[in-house]
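Q: Numbering (the working numbering), first residue to last: 37 to 202. Idealized CB from N, CA, C, for every residue including glycine.
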C-alpha cells in the first residue's frame, strides 16, 4: 500500500471509530458528557471538543487554510450540534485524503504552532500526527465511557479492517 492509500484508509478508519464513540456517547445518561473526569481535558465533551479543534487546526494547515483556535475551545457544548460538526469534519478529512497525491504528501509543511514558533515537517508526518492524536484522545474518551458504564468498544484499526476495509 502506498502512502496516499494508507492515509485514505486512516481517514476512513478515523471516521468509523469516531462514529462508534459518538454512538456510545449518545446513549449516556444526562450529565455524563459534562461530568468531571480524570483526563487531560477533564470531561468527555471537553475532550471531544479538543479533538475537533485539533483536527480543524491540523487540516487547515495541511489544506492551506489555517485557523486560530485555542486548544481548549468548546466549539459545541450541545452534543447533537457537536455530532453534526464532528461528522462534517470527518467528511472533510476523508475528502482531503482523497485528493492527495504522492508529491504533495512527500512535501514539507511550514506552519505556526499554537504554543510556540514556526515549524517545518514533512506533510506525511503532520498527517500521521493528526490521526495519532485522534487515537490518543479517543482512547481517553473510551476510558471515560467505560467509567460512565458503557461496554468497551472494539475500535482498534484491526477491527475496522476486519469489518469494513478488508
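Ends of the beta strand (DSSP E) at residue 135?
A: Here residue 135 is taken as the residue at index 99 of the chain shown, counted from 1. Here residue 135 belongs to no beta strand (DSSP E), and DSSP marks it neither H nor E.
Q: CB residue 75 to CB residue 170, shorter than 8 Å?
A: The count along the chain shown starts at 1 and reaches residue 75 at position 39. The count along the chain shown starts at 1 and reaches residue 170 at position 134. No. Outside cutoff.
Q: Which residues share a DSSP beta bridge with residue 146?
A: Here residue 146 corresponds to residue number 110 of the chain shown, with the count starting at 1. Paired residue(s): 156.
Q: So for residue 191, helix, strand or coil by DSSP?
A: Residue 191 sits at position 155 when you count from the first residue of the chain shown. Residue 191: coil per DSSP, three-state reduction.
Q: Would you grab the beta carbon distance between residue 91 and residue 55 for me? Rounded to a whole angstrom, and I think it's under 8 Å.
A: Taking the first residue of the chain shown as position 1, residue 91 is located at position 55. Taking the first residue of the chain shown as position 1, residue 55 is located at position 19. That belief does not hold up - the Cβ atoms of residue 91 and residue 55 are roughly 15 Å apart, past 8 Å.
Q: I think residue 46 touches residue 167, with their Cβ atoms under 8 Å apart; what is that distance to the nearest whole Å?
A: Residue 46 sits at position 10 when you count from the first residue of the chain shown. Residue 167 sits at position 131 when you count from the first residue of the chain shown. Confirmed, Cβ separation roughly 5 Å.
Q: Relative to the C-alpha of residue 42, which candidate in 89, 100, 130 and 105 has its C-alpha closest?
A: Position 6 of the chain shown, counted from the first residue, corresponds to residue 42. Ranked by how close their Cα comes to the Cα of residue 42, the residues 89, 100, 130 and 105 have 130 in first place.
Q: How should residue 139 be labelled, buried or exposed, when 16 other C-beta atoms within 10 angstroms of its C-beta is the threshold for buried?
A: Within the chain shown, the letter at position 103 stands for residue 139. Result: exposed.
Q: How is residue 123 classed by DSSP in three states: helix, strand or coil?
A: Start at 1 with the first residue of the chain shown, and residue 123 comes out as number 87. Residue 123: helix per DSSP, three-state reduction.
Q: Taking residue 43 as part of the alpha helix (DSSP H), name the residues at either end of that continuous run.
A: As a working mapping, residue 43 is identified with position 7 in the chain shown. Looking at the DSSP string, the run of the alpha helix (DSSP H) that includes residue 43 is 39-62.
Q: Considering only their Cβ atoms, is the gap separating residue 201 from residue 48 smaller than 8 Å?
A: In the chain shown, the residue the question calls residue 48 occupies position 12. In the chain shown, the residue the question calls residue 201 occupies position 165. Yes.
Q: Hey, residue 162 and residue 97: beta-carbon distance below 8 Å or not?
A: Mapped onto the chain shown, residue 162 falls at position 126. Mapped onto the chain shown, residue 97 falls at position 61. Contact: yes.
Q: Can you tell me the Cα-Cα spacing of residue 147 and residue 121, whole angstroms?
A: Residue 147 sits at position 111 when you count from the first residue of the chain shown. Residue 121 sits at position 85 when you count from the first residue of the chain shown. Using only the alpha carbons, I get a separation of about 24 Å.
Q: Measure how close the beta-carbons of residue 93 and residue 103 come, nearest whole angstrom, since I'm counting them as under 8 Å.
A: Counting from one through the chain shown, the residue named residue 93 turns up at place 57. Counting from one through the chain shown, the residue named residue 103 turns up at place 67. Confirmed, about 6 Å.
Q: Cα separation between residue 69 and residue 61?
A: Walking along the chain shown from the start, residue 69 turns up at place 33. Walking along the chain shown from the start, residue 61 turns up at place 25. When rounded, the distance between both Cα atoms is 7 Å.
Q: Excluding the five sequence neighbours on either side, which residues of its own chain have a C-beta within less than 6 Å of the C-beta of residue 191, listed in chain order?
A: Here the question's residue 191 lines up with position 155 in the chain shown. Counting only Cβ-Cβ distances below 6 Å, and skipping sequence neighbours, we find 53 and 56.
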